[in-house]
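**Q**
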Amino acid sequence: MRAKSLILCIAAFFAGDIGVQAEAPDYRFFVAGGVCAACSHGITTPIDVVKTKIQTNPSKYKGGMLKAAKEIVAEEGAGYLLAGLGPTVVGYGLEGAAKFGFYESLKPISMQVINNKAVAFLVASIIAGAVASILLCPMESTRIRLVTDPKFASGLITGLPKLIKEEGLGSTFDGLAAMLAKQVPYTLGKQVSFDVFAGIFYSLADSMNLDGENMKFVISFGAAFCAAILACLSSQPGDMVLTQTYKGKSSGKGFNDIVSDIWAQGGLPAFFSGTGARLVHVISIITSQLMIYDLVKMGLGLPATGSH
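Here the sequence shown stands for residues -22 to -1, 1 to 286, where the numbers follow mature numbering (1 follows the signal peptide of the UniProt record, and there is no 0).
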């Protein structure tokens, strides 16, 4: 019955049913989420390019992130480190707006029908991650194509239409299963743990008679850093599957086939290829993203995460 009630509440949320005891979505969460995601992913594009190259050709790039970066620059030029910048900024701007906006808006709805706060937050994050995955798929498909095939197109404006023309719009969602495998654990690890760590750190500050208001920056940074590590490790297998899915689209292999292929390459460790580069990438993204998120929220009149 609880699951049915939650579904009805979520449906009412999207339909704007005033009969449900839930506030209308606050646009400020969507704005803050979009701004922080677009900025954080945009400025870390070079790291993402190196990570993607390592994942798509691990036998070639064996010497770590810095060595791989030098090899890529030597082969393709420094400008190649910005490959996929357009779809990254646009895609993750939309993804961030949906992920943060729906997560924050669905938390109170979930708590109406789920007595356990932690479970309610998990449910909200899963739904938000799923919605964000659908929005992100076409952009991520274009980004990975631009990185793995430098001659494909010059950027988002030419790349996405060309991809749709050659393979059809539906093809850009071929990686949805892989995207969900990455984004749902990523959202759980990032947003729920950020809430949890921020709350813990504010409680610690109170217990030590420290002024939490004056420590918002420190607390946000610490909570974001811890959340970044959890998000990276929990979503790394899904990220590997996603990269290989778009890399091997021409082979016609599905999600299960891709997973089997990766496993055949080296078992569980094969799913963590490029983890070093991705850890640097994700920590850079999430720490800056969640810091920007809290700053934008406070600038729009919302309280810092965990401070209320």
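Just so you know, even glycine gets a beta-carbon here, dropped at the ideal spot from N, CA and C.
Name the two residues that bound the continuous alpha helix (DSSP H) containing Phe7.
**A** Indexing the sequence shown from 1 puts residue 7 at position 29. Residues 5 to 21.
**Q** Assign Phe195 to one of two classes, buried (16 or more other C-beta atoms within 10 Å of its C-beta) or exposed (fewer than that).
**A** Here residue 195 corresponds to residue number 217 of the sequence shown, with the count starting at 1. Exposed.
**Q** Distance, Cα to Cα, Thr253 vs Pro247?
**A** Walking along the sequence shown from the start, residue 253 turns up at place 275. Walking along the sequence shown from the start, residue 247 turns up at place 269. Near 10 Å, if we compare the C-alpha coordinates of Pro247 and Thr253.
**Q** Checking 8 Å against the spacing of the C-beta atoms, do Ala205 and Leu166 come in under that value?
**A** In the sequence shown, counting from the first residue as 1, residue 205 sits at position 227. In the sequence shown, counting from the first residue as 1, residue 166 sits at position 188. It is not a contact, given that the beta carbons lie outside the stated cut-off.
**Q** If you measure between the beta carbons of Ser83 and Val101, is that distance less than 8 Å?
**A** Translated into positions along the sequence shown, residue 83 becomes position 105. Translated into positions along the sequence shown, residue 101 becomes position 123. No.
**Q** Taking the alpha-carbon positions, what's the Gln90 to Leu158 distance?
**A** Within the sequence shown, residue 90 is the residue found at index 112, counting from 1. Within the sequence shown, residue 158 is the residue found at index 180, counting from 1. About 26 Å.
**Q** Please return the same chain residues whose Cβ sits closer than 6 Å to the Cβ of Pro116, not counting the five positions on each side in sequence.
**A** As a position in the sequence shown, residue 116 is number 138, starting the count at 1. Counting only Cβ-Cβ distances below 6 Å, and skipping sequence neighbours, we find Thr150.
**Q** What is the DSSP secondary structure of Asp217, reduced to helix, strand or coil?
**A** Locating residue 217 in the sequence shown gives position 239, counting from the first residue. DSSP places Asp217 in helix when its eight states are reduced to three.
**Q** Out of curiosity, what's the CA-to-CA distance linking Val28 and Asp184?
**A** Residue mapping note: residue 28 aligns to position 50 of the sequence shown, counting from 1. Residue mapping note: residue 184 aligns to position 206 of the sequence shown, counting from 1. Approximately 42 Å between the Cα atoms of the pair.
**Q** Could you tell me the distance, in whole angstroms, from the CA atom of Gln222 to the CA atom of Ala201?
**A** Working through the sequence shown from its first residue, we reach residue 222 at position 244. Working through the sequence shown from its first residue, we reach residue 201 at position 223. C-alpha separation (whole angstroms): 31 Å.
**Q** Thinking C-alpha only, which one of Lys168, Lys275, Tyr224 is nearest Leu211?
**A** To locate residue 211, count along the sequence shown from 1; it is residue 233. Considering only alpha carbons, the answer is Lys168.
**Q** Just reading off the alpha helix (DSSP H) that Ser103 is part of, what are its end residues?
**A** One-based indexing of the sequence shown puts residue 103 at position 125. Looking at the DSSP string, the run of the alpha helix (DSSP H) that includes Ser103 is 95 to 126.
**Q** Anyone know if the C-beta pair for Val125 and Thr30 falls short of 8 Å?
**A** Residue numbering aside, residue 125 sits at position 147 when the sequence shown is read from its first letter. Residue numbering aside, residue 30 sits at position 52 when the sequence shown is read from its first letter. Yes; because the gap between Cβ atoms is below 8 Å, this pair is in contact.
**Q** DSSP three-state label for Met269, please.
**A** Start at 1 with the first residue of the sequence shown, and residue 269 comes out as number 291. Helix at Met269.
**Q** Spatial neighbours of Ala108 within its chain, please: CB distance less than 7 Å, with the 5 preceding and 5 following residues excluded, ordered by chain position.
**A** What you label residue 108 is simply residue 130 of the sequence shown in a count that begins at 1. These residues qualify, in order along the chain: Leu158, Val162.
**Q** Under the assumption that Gly57 contacts Cys14 (Cβ atoms under 8 Å), give the Cβ distance between them as a whole number of angstroms.
**A** For the purposes of this step, residue 57 is identified with residue 79 of the sequence shown, where counting begins at 1. For the purposes of this step, residue 14 is identified with residue 36 of the sequence shown, where counting begins at 1. With a Cβ gap of about 26 Å, Gly57 and Cys14 do not count as contacting.
**Q** For Ser251, is the beta carbon positioned less than 7 Å from some heavy atom of the ligand HEM?
**A** Of ligands this structure carries none, so the ligand HEM is not represented either.
**Q** Using a Cβ-Cβ cut-off of 7 Å (strictly less than) and excluding sequence neighbours within five positions of Arg256, which residues of its own chain qualify?
**A** As a first step, residue 256 is located in the sequence shown; it is residue number 278 there, counting from the start. Contacts found: Lys29, Cys210, Gln214, Asp217.
**Q** If we ignore side chains and look at the alpha-carbon of each, how far apart do Leu220 and Asp26 end up?
**A** Within the sequence shown, residue 220 is the residue found at index 242, counting from 1. Within the sequence shown, residue 26 is the residue found at index 48, counting from 1. If I take the Cα positions, the gap works out to 13 Å.
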